[in-house]
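As structure tokens, the structure follows; a few thoughts come after it.
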Amino acid sequence: MTIVQLNTFLKIVEAGSFSAAANRLGYAQSTITMQIKQLEEELGCRIFERLGKTVVLTPQGEKLVSYAEKMLQLEREIRLDISDEEEPRGILKIGVSESLCYDRVPKILMHYKNAVPGIEIRLMFINHDTFPEMLQKGELDLVYTLNPYIRDDRLTLLHSSEERLGFFASPDHSLFGKKIREQDLADQALLLTDHFCSFRKMLLEDLSACGVGSRILLETSSKEVLKQFASNGLGLAFIPDMTAEKEVKNGSLKRLNWVGRSFPIYAQVFVHKDKHVDRAIRLLVDIIKGEDAGSGIATSFGI
0 MTIVQLNTFL KIVEAGSFSA AANRLGYAQS TITMQIKQLE EELGCRIFER
50 LGKTVVLTPQ GEKLVSYAEK MLQLEREIRL DISDEEEPRG ILKIGVSESL
100 CYDRVPKILM HYKNAVPGIE IRLMFINHDT FPEMLQKGEL DLVYTLNPYI
150 RDDRLTLLHS SEERLGFFAS PDHSLFGKKI REQDLADQAL LLTDHFCSFR
200 KMLLEDLSAC GVGSRILLET SSKEVLKQFA SNGLGLAFIP DMTAEKEVKN
250 GSLKRLNWVG RSFPIYAQVF VHKDKHVDRA IRLLVDIIKG EDAGSGIATS
300 FGI
């Protein structure tokens with residue numbers, strides 16, 4: 000069997016049909032059919048049931064999926080780590096939290112591309128619930144996330160930097176200049192991230208524990224929208240400090256003096272526990288460490 004055949008197999012699984020996979024890969028459908036036929040002959044079993052224009056995995060095909068994903072991941076790692084040239088080449092798939100992309104990630108990638116021009120970066124926004132599985136499947140090589148401290152046996156932590164969450168409001172907000180805690184939020188309109196975000200969960204759990212009700216005006220994954228609402232005097236945006244640096248500098252937002260419970264969050268870099276940390280990844284982590292060192296309290300891990 001070949002890497003090409005296994006890649007074709009996974010594309011069919013993803014697309015749901017031979018014809019759709021052929022379109023995505025830019026192959027003739029006859030080429031796709033031949034590759035799968037050769038793969039089935041070599042394995043000595045059927046990996047797809049053909050049901051009209053659609054296909055369904057056989058039990059043997061379902062087993063093959065995880066092996067094919069691992070084989071393609073290893074093939075990409077070989078291309079990244081082994082070369083006649085000094086500089087790594089290939090594709091590096093990175094998952095990032097949206098909050099990190101306001102300032103930090105663009106700077107990091109600019110430095111990385113200058114240092115390693117032979118690496119093609121593919122960037123994807125991720126959420127806390129799904130990224131460990133994406134690392135396990137090889138859909139991502141590395142994750143750079145902003146979250147409460149994450150402990151997961153499937154992951155290896157390469158770097159961590161402490162960051163801050165805060166309440167941001169317009170300069171003329173009634174709470175500006177005061178020391179505020181949970182009870183002061185009882186009648187305030189809150190501008191929060193969406194249901195999948197750990198920041199929102201931390202705050203609402205804290206308010207509930209203090210017996211304080213919450214009046215949520217807006218929930219959205221867009222920090223830009225939250226900041227816009229807050230700067231127009233429509234409520235308090237509960238967001239990472241790093242996402243509001245520009246607005247604090249130009250005076251459109253002010254950070255409130257919060258003296259309630261602390262909300263510890265960390266910029267964290269993860270790979271899957273079985274992932275080989277090659278030169279391309281090591282170089283990226285070094286740049287992330289350098290950028291985080293100027294922004295938070297960095298903690299390094301051996302790689």
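Per numbering that gives the first Met the number 0, the very first residue in the sequence shown carries number 0; after that it's consecutive. The beta carbon of each residue, even a glycine, is placed where N, CA and C say it ideally should be. Given the structure is predicted, the values throughout are model-derived calculations rather than measurements.
As the crow flies, the alpha-carbon of Y143 is around 15 Å from that of P239. T192 sits buried, since 16 or more C-beta atoms from the chains shown fall within 10 Å of its C-beta.
Look at S221 here: in three-state DSSP terms it is coil, with no helix or strand label.
Residue burial is scored here from C-beta neighbours: V258 has fewer than 16 other C-beta atoms within 10 angstroms and is therefore classed as exposed. Between the region 271 to 283 and the region 111 to 122, the count of Cβ pairs shorter than 8 Å is three or higher; the stretches touch.
Just so you know, the alpha carbons of F124 and S173 end up roughly 35 Å apart. Looking only at A236, V276, E76 and R88, the smallest Cα-Cα distance to R199 is reached by A236. Residue range I2 to A14 is occupied by the alpha helix (DSSP H) that includes Q4. In the displayed model, R281 falls within a helix according to three-state DSSP. For V247, the enclosing alpha helix (DSSP H) covers residues E244 to N249. Taking each of L225, K52 and L145 in turn and checking the Cα distance to C100, the smallest one comes out for L145. Rounded to the nearest whole angstrom, the CA to CA distance from K10 to L252 is 47 Å. Judged by their CB atoms, G89 and A279 are nearer to each other than the 9 Å cut-off.
Going by DSSP, H271 is part of the beta strand (DSSP E) stretching over I264 to H271.
As the crow flies, the alpha-carbon of L184 is around 16 Å from that of S169.
Within the same chain, and ignoring the five residues on either side of T32 in sequence, the residues whose Cβ sits closer than 8 Å to its Cβ are F17. Taking every protein chain shown into account, the CB of F195 has fewer than 16 other CB atoms within 10 angstroms, so this residue is exposed. Our two residues, A67 and Y26, have alpha carbons roughly 20 Å apart in a direct line. The Cβ atoms of F262 and L202 sit closer than 9 Å to each other.
Comparing C-alpha distances from S220 to each of N231, N22, L206 and T242 shows the shortest one belongs to T242. Here the C-alpha atom of G250 lies approximately 51 Å from the C-alpha atom of V12. When rounded, the separation of the alpha-carbon atoms in K245 and D171 is 18 Å.
The three-state reading of DSSP puts G89 in strand, counting E and B together. If the five residues before and after I107 are omitted, its C-beta is found closer than 7 Å to the C-beta atoms of I286, I287 and E290, all from its own chain and listed in chain order. The shortest C-alpha to C-alpha distance from K272 to any of R153, K178 and G137 is the one to R153. Secondary structure of G165 (DSSP, three-state): strand. In its chain, beyond the 5 residues on either side, A185 and L206 have a beta carbon closer than 8 Å to the beta carbon of G212.
Excluding the 5 residues flanking it on each side, L63 has same chain C-beta neighbours closer than 6 Å at I46, in chain order.
Pairing T7 with T1, the inter-Cα distance amounts to about 10 Å.
In this structure, A266 places its C-beta atom within 9 Å of the C-beta atom of E162.
Membership of T53 in the beta strand (DSSP E) is indicated by the continuous run T53 to L56.
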